[in-house]
Structures are given as structure tokens and as C-alpha cells.
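Chains A and B, in that order, are what the protein sequence lines are. Each residue of the first sequence is one higher than the one before, counting from 1 in the numbering used here. Each residue of the second sequence is one higher than the one before, counting from 1 in the numbering used here. Don't be surprised by glycine CBs; every beta carbon is placed ideally from N, CA and C. Comments concern the structure below.
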Amino acid sequence: MRGDDLLRRLAPYAGILGGLLLFAAAGVALVVGTASPALVWLLIAAGLLLLFFVVTDPQVVVNALKLRGVRYGSNAGLMTVVFIGIFIVINFLAVKHNVQWDFTQSGRYTLSSATVKLVKGLKQPVHIIAFYAKGPGGQSSGESAAKLLLQRYTALSHEISVTFVDPDVNPALARQYHVTVSPTIVVTSNGHEDAVQLAAEQDISSAIENVIEGKTPVVYFLTGNGEPSLQPASGPSFSSLVSFLKKNNLQAKPLSLLTVSAIPSDAAAVVEAAPTTPYSPKEKEILLSYLEHGGHVLYFAEPFGKVDMNWLLKPFGLSVSEGLVADLSPSGSLPNQPQAIVIQAYDRGSVVKHQLPPGVYLDATSINVPAKPPAGVTVEPIAQTSQQSFLVTNPKATAINPATDKRGPFAIAVSAEKPVASATAKPAATPTPSPAGPGSSPSTGAVSRLVVFGSTLFATDQVLTANPSIGEGNSEAAAAALQWLTESPNHIVIPTKTPADRSMVLVGWQSNALVFVNTLFVPAIVLFAGVVVWLRRR
Amino acid sequence: MNVRLTGVLVAIFAVLVVVAVVSGRGSGAAASATPTPNLGVFTFKPADVKELTISYEGKGVTVSQPSPGTWKLVSPPAAYSDSTHIAGVVATLANLQKIRDVPIGTNSLSVFGFDKPYLTATADLSNGQQETLIVGGKNPEGSGYYAQVKGKSGLFIVSLIDVGSLAQLVVQPPIATPTAVPTPLATPASVPTVAPAATATP
Numbered sequence: 001m002r003g004d005d006l007l008r009r010l011a012p013y014a015g016i017l018g019g020l021l022l023f024a025a026a027g028v029a030l031v032v033g034t035a036s037p038a039l040v041w042l043l044i045a046a047g048l049l050l051l052f053f054v055v056t057d058p059q060v061v062v063n064a065l066k067l068r069g070v071r072y073g074s075n076a077g078l079m080t081v082v083f084i085g086i087f088i089v090i091n092f093l094a095v096k097h098n099v100q101w102d103f104t105q106s107g108r109y110t111l112s113s114a115t116v117k118l119v120k121g122l123k124q125p126v127h128i129i130a131f132y133a134k135g136p137g138g139q140s141s142g143e144s145a146a147k148l149l150l151q152r153y154t155a156l157s158h159e160i161s162v163t164f165v166d167p168d169v170n171p172a173l174a175r176q177y178h179v180t181v182s183p184t185i186v187v188t189s190n191g192h193e194d195a196v197q198l199a200a201e202q203d204i205s206s207a208i209e210n211v212i213e214g215k216t217p218v219v220y221f222l223t224g225n226g227e228p229s230l231q232p233a234s235g236p237s238f239s240s241l242v243s244f245l246k247k248n249n250l251q252a253k254p255l256s257l258l259t260v261s262a263i264p265s266d267a268a269a270v271v272e273a274a275p276t277t278p279y280s281p282k283e284k285e286i287l288l289s290y291l292e293h294g295g296h297v298l299y300f301a302e303p304f305g306k307v308d309m310n311w312l313l314k315p316f317g318l319s320v321s322e323g324l325v326a327d328l329s330p331s332g333s334l335p336n337q338p339q340a341i342v343i344q345a346y347d348r349g350s351v352v353k354h355q356l357p358p359g360v361y362l363d364a365t366s367i368n369v370p371a372k373p374p375a376g377v378t379v380e381p382i383a384q385t386s387q388q389s390f391l392v393t394n395p396k397a398t399a400i401n402p403a404t405d406k407r408g409p410f411a412i413a414v415s416a417e418k419p420v421a422s423a424t425a426k427p428a429a430t431p432t433p434s435p436a437g438p439g440s441s442p443s444t445g446a447v448s449r450l451v452v453f454g455s456t457l458f459a460t461d462q463v464l465t466a467n468p469s470i471g472e473g474n475s476e477a478a479a480a481a482l483q484w485l486t487e488s489p490n491h492i493v494i495p496t497k498t499p500a501d502r503s504m505v506l507v508g509w510q511s512n513a514l515v516f517v518n519t520l521f522v523p524a525i526v527l528f529a530g531v532v533v534w535l536r537r538r
Numbered sequence: 001m002n003v004r005l006t007g008v009l010v011a012i013f014a015v016l017v018v019v020a021v022v023s024g025r026g027s028g029a030a031a032s033a034t035p036t037p038n039l040g041v042f043t044f045k046p047a048d049v050k051e052l053t054i055s056y057e058g059k060g061v062t063v064s065q066p067s068p069g070t071w072k073l074v075s076p077p078a079a080y081s082d083s084t085h086i087a088g089v090v091a092t093l094a095n096l097q098k099i100r101d102v103p104i105g106t107n108s109l110s111v112f113g114f115d116k117p118y119l120t121a122t123a124d125l126s127n128g129q130q131e132t133l134i135v136g137g138k139n140p141e142g143s144g145y146y147a148q149v150k151g152k153s154g155l156f157i158v159s160l161i162d163v164g165s166l167a168q169l170v171v172q173p174p175i176a177t178p179t180a181v182p183t184p185l186a187t188p189a190s191v192p193t194v195a196p197a198a199t200a201t202p
């Protein structure tokens with residue numbers, strides 16, 4: 001009997017100690033975060049002590065449970081635990097299942113009516129292969145957003161199918177589609193393909209439109225005025241660039257303005273590079289007319305060029321400087337070659353939509369960008385030199401003269417765009433019925449586009465083949481410019497979905513009222529409600 | 001005490017748990033948390049390496065560690081070896097990190113360039129074991145090389161810089177230029193002077 005008494009006397013202490021050990025175990029679990037041996041021993045000890053307490057004096061436990069307060073408390077506790085549990089499970093389900101509802105006023109997360117019309121009207125299968133390389137943790141940046149976007153396309157038409165491919169896991173397929181950048185989204189249909197690097201509605205819808213039209217954009221390289229050849233040659237030539245463009249689904253053709261009365265109607269863009277003999281008035285008229293009527297021109301300039309081509313750039317407010325850019329910054333030029341400008345990072349914009357490999361601009365001149373472009377013209381620098389660059393204006397100079405030479409930074413690649421004026425949006429007066437430039441029947445919303453590079457050498461075989469890594473960077477920059485230029489003027493246009501400004505500016509009394517409500521009124525209401533409940537229960 | 005409300009909440013909780021379990025089952029392995037990858041390629045330390053052989057573009061270089069911390073070029077033989085340079089390359093190999101693991105799937109290894117390995121590096125360890133890194137082709141982005149450890153099935157990508165550092169040992173074997181020890185010039189006690197010969201007069 002005495003033994004039983006002793007155990008009963010010890011039981012409450014065991015219960016208290018067991019509770020404390022359980023509390024300590026919870027603390028250890030929160031701090032350590034894993035099932036450490038200390039935690040396991042604490043739980044075992046707590047469990048044994050609590051079991052001892054219950055077994056030794058079960059009546060105490062039974063009586064305690066019968067108390068009104070305990071019953072109310074346990075019900076409230078259970079309700080709290082279950083309520084928290086419901087939130088945890090809902091959160092778990094939300095993480096596992098991505099569902100989007102677009103409540104934005106501008107419909108930012110909804111496909112535009114133009115895309116809906118395009119996709120619903122598809123009469124041939126379109127397959128989209130999204131190449132996304134994964135990182136060390138198996139995650140890929142932007143893949144989830146791309147999946148959600150492409151799901152919206154597949155939901156619209158059974159003609160669209162989407163496959164996500166990790167190019168590192170399937171290099172053969174990546175090489176088949178010339179994928180060298182992740183992400184790349186390839187759109188294919190009926191043997192035609194187009195690739196974009198941005199999972200954006202504008203880019204994907206345009207690519208779908210391209211492949212269903214099944215046309216390969218034609219880029220005309222002007223000849224006849226001493227321009228570089230499209231074939232390999234001892235002098236400056238563009239054969240490597242032409243091959244690179246072919247891989248990018250662009251077809252290069254030579255064109256002499258002396259043999260035509262207008263730029264051919266299938267021209268997606270026209271390239272002019274460092275002419276050495278002056279243009280005839282007729283050639284000037286053809287090229288200017290093309291550009292003014294929604295044409296797209298890429299112009300490669302050179303320092304101290306033999307022919308002044310600023311008449312081509314003037315409508316956009318641009319001009320080419322008379323001089324050679326040299327950069328003294330260690331990262332801004334090749335070692336001991338200040339005239340070999342290195343562009344480590346391009347300015348992101350309409351032309352450069354994703355990071356490009358560094359480019360080397362050998363013998364570049366600067367392009368003068370107006371502080372205030374002409375009305376309607378949008379000018380974006382693509383590549384700029386460092387602040388330690390100089391424009392050497394003396395063609396015979398052998399060194400930089402910081403006292404007289406203009407100091408940088410200088411723009412050495414620029415893009416410009418302007419809408420076709422309504423006055424010019426009429427059929428061009430071409431003497432022959434065909435071919436006609438794009439300006440002959442410009443569509444509503446047609447734009448003229450111009451890209452100017454301050455170097456011609458940078459895109460020639462002489463530089464592209466000399467160093468493969470430089471060649472890749474330079475080719476990609478030129479291709480990016482032509483990709484932008486060859487976007488069809490009749491392309492699907494997705495309106496910009498600017499989020500509505502929802503910011504609220506509080507005037508003095510509103511701010512004071514907010515402080516009053518938050519710090520006094522709401523606590524007072526809670527206090528009042530508590531007092532009322534207390535009085536009623538009493 | 002509102003027992004009915006508690007009961008309703010418990011029922012909702014039970015339904016949600018069932019939904020979560022059922023939907024989680026469908027997600028399978030993809031739903032499970034991604035384990036933190038172990039990015040180290042080897043477990044040995046630079047000090048454990050007795051000998052290292054690197055083969056690259058048909059040429060090879062072998063270096064050995066005759067005494068702790070001292071490295072010597074064995075092949076091609078050289079009178080003086082750049083021990084610091086070799087130690088750096090060995091450390092690169094021992095501490096080699098994967099950029100990521102690549103599941104091979106049904107692909108053949110030749111797809112990853114292992115039919116003609118770009119480079120192999122074999123380390124003979126002091127415990128008698130041998131570890132060989134086989135480097136295949138570049139990945140499509142050109143950001144790294146596919147690589148494997150001989151005898152293991154895992155495929156992974158390693159950085160261009162690490163592979164370049166291993167290849168550089170073959171391209172430019174670590175032959176040190178002996179530093180000349182300056183010796184004091186002997187000052188002649190007397191400068192012999194040559195007396196002009198008597199000009200013979202005719």
C-alpha cells in the first residue's frame with residue numbers, strides 16, 4: 001500500500017515533467033528541424049512519464065476531462081487545430097495545381113483577340129517545341145510561365161501541340177533545330193519552322209503566323225556600288241553571315257538597284273553595306289521610296305566612308321560620324337587594339353530581346369542619335385562604347401589625342417522605327433507594274449524600320465571566320481537586327497497590356513483618418529465587443 | 001460549446017486531406033520535393049592523388065607526386081616541373097563540380113560525344129584505386145561539356161573552364177624554366193695587358 005501511495009504522490013510530478021519534456025521536444029524540433037537523437041529521446045522520456053502519470057492515477061485524468069472548462073477548451077483547441085489544418089491542406093493543393101484566373105483590367109494573362117482568331121482559324125497542325133535547359137536543382141527559369149502561356153494556346157485549338165524539351169538531355173533534337181540558346185521556342189508546321197527566344201504572346205503568335213504562311217523571308221543585299229560580295233572573296237565578303245542567316249530561316253539574295261525600278265515585293269529587308277561608288281539619283285529614289293513606304297533597311301557604315309549615306313538616315317534623325325571610334329577601356333576593346341571595340345552587353349530593346357554573346361566591332365564609327373528624334377520616330381541604341389572611348393576624326397592620325405578627339409560613350413549600333421505617314425501610304429509611283437515595294441500597298445499600322453551598325457567589317461568573313469567565338473557573337477547581333485527588320489508589316493499585333501495604375505494618393509485628412517481607424521477605432525470596437533460578451537455571459 | 005461546427009470543420013478537413021492524397025498520388029515522383037543535388041564529382045582529395053594522366057587530342061601528359069605537395073612531370077619527361085601549376089590542375093580535378101546531372105534516358109552515349117571523348121583524366125590514388133573522368137562533347141548551348149566517371153552510369157555537365165584547365169596541361173606541359181642563381185662575378189686581380197708588339201721597321 002505504501003508503495004502505491006508513493007507512486008500516486010509521484011504521478012503529478014511525472015505528469016508535469018512529462019509535459020515540460022514534451023514542450024522541450026517541440027522547441028528542439030523547431031530549432032533543429034530534423035529528427036535528431038536528442039529529440040527522439042526527449043519524446044520517449046516525455047511519453048513514458050505521461051504514461052506513468054495516466055496509468056498510476058487514471059481517475060485524476062477522467063475527472064479532469066469531465067470539467068466544463070476542459071471540455072470547452074478541448075473543443076476550442078480541436079477547432080483551432082482543424083482550422084489551421086484546412087489552411088495547410090488548401091495551401092498544399094494550391095502549390096501542386098497551377099490554376100490562373102485573370103482578374104486584371106487589361107487582361108494581362110489572357111490571350112488577345114488577335115491570337116484567339118489566329119489560333120482558332122488554324123487548319124493545319126502546328127507543333128511547338130519549347131527548349132528549356134534545367135539548372136542544378138532541376139528547375140528552369142521561366143519554364144512554368146511558358147507552360148501556362150502555351151496551355152492557353154493548346155486550349156484554343158486541337159491543331160496546336162506543345163512539347164517541352166531539355167536541350168541538355170536531348171542534344172540531337174536541339175541541334176536539329178539549331179538551338180544554341182535556352183530558352184528557344186521552335187514553332188513548326190508543314191516543314192516550315194520559326195524560332196523565338198521569348199515566351200511572349202507577340203513572339204509566339206508571330207511565329208505561328210510565319211510557319212502557316214510558309215514563307216522564308218528574303219533579305220536583299222544591295223550590290224553594284226562596291227559593296228562586299230555574298231560569295232567568299234579575297235576582299236570583304238558576307239558569305240559566313242549569309243550561311244548564318246540561312247540557319248535562322250532568312251534567305252539572302254543580291255540585288256542591284258540599277259536593274260530594277262523598285263525593291264521587289266518579296267523583300268522582307270534590304271541590306272546596304274559600305275558602298276564605294278556614289279548612288280545615282282534613280283537608285284537613291286528607289287531606296288528612299290522603299291524605306292518611306294514601310295520598308296526595312298539594315299545599313300552597315302564604316303569610318304571615313306567613301307560615299308555619304310546620311311540621306312538614307314536623315315528621315316530618322318540619325319547620321320554617321322566622320323571618324324573612327326577607339327576605346328581605351330580594358331573591357332571595351334581587344335588588348336592593344338583600341339579600334340577593335342568589344343560590346344560585352346547589348347542594350348535590351350526591340351532588337352536585342354535576350355542576352356547576346358559579346359561582339360567585336362572592328363573599325364567602327366559612331367552614329368549620332370538625336371536628343372529629340374523627329375516626330376513619330378523611335379530610336380533605340382543597340383550597342384554603345386565605354387566612357388573611355390574617343391572619336392578619332394583625323395583619318396591620318398595614328399594615336400588618340402584626348403585634347404582634340406571627342407570623348408564617348410558613342411552609339412555604334414542603333415535601331416529606329418517610324419510609322420508610315422498617311423500621306424505616303426499610297427501606291428508608290430513605280431513605272432513598271434511589278435515588282436512593287438512594300439510601300440505600294442502599306443497596311444494600316446505599317447512602319448519603316450532602320451538599323452545602322454557603325455562597322456561593316458564586323459559582319460564580314462574576315463572577322464567572322466577569324467575567331468569562331470567572335471564570329472558567333474557578331475553573327476547573332478546581325479541576325480537579331482535582321483529578325484527584327486524582317487517581321488512582316490502585316491504581322492499579328494498584340495496590343496500592349498499596360499497594367500492600370502491603382503496607386504492611391506492620400507490627402508492630409510484621409511491619411512489621418514486611416515491612422516485613427518487602424519490605431520483607435522478598430523481596437524475600440526474589439527474592446528467594446530469583448531465587454532458586451534462578458535456582460536451578457538455574466 | 002458548438003460541437004456541430006467542430007464536426008463540420010473536421011469533415012471538411014478530412015475531405016481536403018483525401019483530395020490532397022489522391023491528387024498527390026497522380027503527380028508521382030514529379031510531385032516529390034527535389035533533393036538537393038550533390039554537385040561534387042569525386043570524393044578524393046588532391047593529396048590522395050599519386051599520379052594523374054590526361055589525354056587530349058591524341059596527346060598525353062602524366063604527372064606524379066613523389067613526395068607530399070611536390071609534383072613532377074613524368075611524361076613527357078622534363079628536367080624541371082612547375083609543381084604549383086600541376087597542383088592547381090590536380091585540385092581542379094579533385095574538386096570538380098557538376099553544373100548539373102543529365103538523365104541519359106534511352107539516348108546512346110554517342111549523342112553526348114562519348115564515341116570520341118574530348119578528354120580523359122585518370123587519377124591513381126594512394127589507396128590503390130583509380131578514378132577516370134571521361135569528357136564528351138559540348139552541350140547545345142556551349143556552356144559546358146558532358147562528362148562521366150568511368151564505371152559509373154551517371155552523366156553530368158562540367159564547366160568549360162575546368163575542362164580547359166585540364167586540357168591546358170596537355171597543350172602546355174608544366175615545364176618550369178629554371179631560375180638562374182646569380183653568382184658573383186670574379187673580379188680579376190690584375191687585368192693583363194697586352195703589350196703591342198714592336199712594329200717591325202723595314
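Own chain residues within Cβ distance below 6 Å of residue i, not counting five before or after
i	result
ASN248 (chain A)	ALA479
PRO419 (chain A)	GLY376 and VAL447
VAL351 (chain A)	ILE382, SER415, ALA480, ALA481 and TRP484
ASP48 (chain B)	LEU125 and SER126
Length of the line joining the Cα atoms of residue i and residue j
i	j	result
SER205 (chain A)	SER106 (chain A)	19 Å
LEU150 (chain A)	VAL179 (chain A)	19 Å
TYR56 (chain B)	ALA167 (chain B)	6 Å
GLY439 (chain A)	TRP509 (chain A)	For GLY439 (chain A), the predicted structure reports a pLDDT of 38, less than 50, and the residue's modelled location is therefore unreliable. The matter cannot be settled from this model.
GLN100 (chain A)	ILE208 (chain A)	24 Å
PRO427 (chain A)	LEU298 (chain A)	Any reading at PRO427 (chain A) needs caution, since the residue's pLDDT is 39, under 50, leaving its predicted position unreliable; the model's value is listed next. If you take the alpha carbons of PRO427 (chain A) and LEU298 (chain A), they lie about 23 Å apart.
ALA195 (chain A)	THR184 (chain A)	7 Å
GLN384 (chain A)	ASN91 (chain A)	48 Å
ILE400 (chain A)	PRO409 (chain A)	15 Å
ASN107 (chain B)	ILE470 (chain A)	32 Å
VAL463 (chain A)	LEU457 (chain A)	7 Å
PHE244 (chain A)	TYR132 (chain A)	22 Å
GLN337 (chain A)	VAL360 (chain A)	11 Å
Beta-carbon proximity of residue i to residue j, cut-off 8 Å
i	j	result
SER205 (chain B)	VAL89 (chain B)	Coverage of chain B is limited to positions 1 through 202, which leaves residue 205 (chain B) absent and any answer about it impossible.
GLY40 (chain B)	GLN129 (chain B)	no
VAL82 (chain A)	VAL22 (chain B)	no
GLN124 (chain A)	GLU159 (chain A)	yes
GLU380 (chain A)	SER331 (chain A)	no
VAL169 (chain A)	GLY105 (chain B)	yes
LEU73 (chain B)	PRO174 (chain B)	yes
VAL619 (chain A)	LEU156 (chain A)	Residue 619 (chain A) is absent from the structure shown; chain A starts at 1 and stops at 538.
LEU506 (chain A)	LEU514 (chain A)	yes
Limits of the unbroken alpha helix (DSSP H) element including residue i
i	result
LYS66 (chain A)	58 to 66
GLU472 (chain A)	468 to 485
ALA87 (chain B)	83 to 94
TRP71 (chain B)	Not the alpha helix (DSSP H): TRP71 (chain B) falls in the beta strand (DSSP E), residues 70 to 75.
GLN151 (chain A)	143 to 156
GLU285 (chain A)	281 to 292
GLU213 (chain A)	201 to 213
GLN339 (chain A)	First-last for GLN339 (chain A): 337 to 343, but that is the beta strand (DSSP E), not the alpha helix (DSSP H).
PRO171 (chain A)	171 to 176
PHE164 (chain A)	Counting along the chain, PHE164 (chain A) falls outside any alpha helix (DSSP H), though it belongs to the beta strand (DSSP E) covering 160 to 165.
Sequence-distant residues of the same chain with beta carbon closer than 7 Å to residue i, five excluded per side
i	result
THR365 (chain A)	ALA301, GLU302, PRO303, VAL320, SER321, GLY323, LEU324, VAL325 and GLY454
PRO358 (chain A)	VAL342, ILE343, GLN344 and GLY473
Same chain, Cβ closer than 8 Å to residue i, neighbours up to 5 away in sequence not counted
i	result
VAL181 (chain A)	GLN197 and HIS354
**Message:** Which residues of the segment 103 to 116 of chain B have a Cβ closer than 9 Å to any Cβ of chain A? Give them in chain order.
**Reply:** PRO103, ILE104, GLY105, ASN107, VAL111, PHE112 and GLY113
**Message:** Taking beta-carbon pairs under 9 Å, can you tell me which members of the segment 92 to 118 of chain A lie near chain B?
**Reply:** PHE92, LEU93, LYS96 and HIS97
**Cβ-based contacts, 8 Å cut-off: residues of the segment 170 to 184 of chain A near chain C** = The chain labelled as chain C is not found among the protein chains of the depicted structure, namely A and B.
**Message:** Give me the subset of the segment 267 to 280 of chain A whose CB atoms are less than 7 Å from a CB atom of chain B, sorted by chain position.
**Reply:** none
**Request:** Can you give me, in chain order, the residues of the segment 41 to 52 of chain B that have a beta carbon less than 7 Å from any beta carbon in chain A?
**Result:** none
**Item:** Against chain B: residues of the segment 66 to 77 of chain A by CB proximity under 8 Å
**Value:** ARG71, TYR72 and ASN75
**Item:** Interface residues of the segment 123 to 135 of chain A facing chain B [CB-CB below 9 Å]
**Value:** PHE131, ALA133, LYS134 and GLY135
**Request:** Return the residues of the segment 77 to 91 of chain A that lie within a Cβ-Cβ distance of less than 7 Å from chain B, sorted by chain order.
**Result:** Going along the segment 77 to 91 of chain A in chain order, one finds LEU78, MET79, VAL82, PHE83, GLY85, ILE86, VAL89 and ILE90 with a Cβ nearer than 7 Å to chain B.
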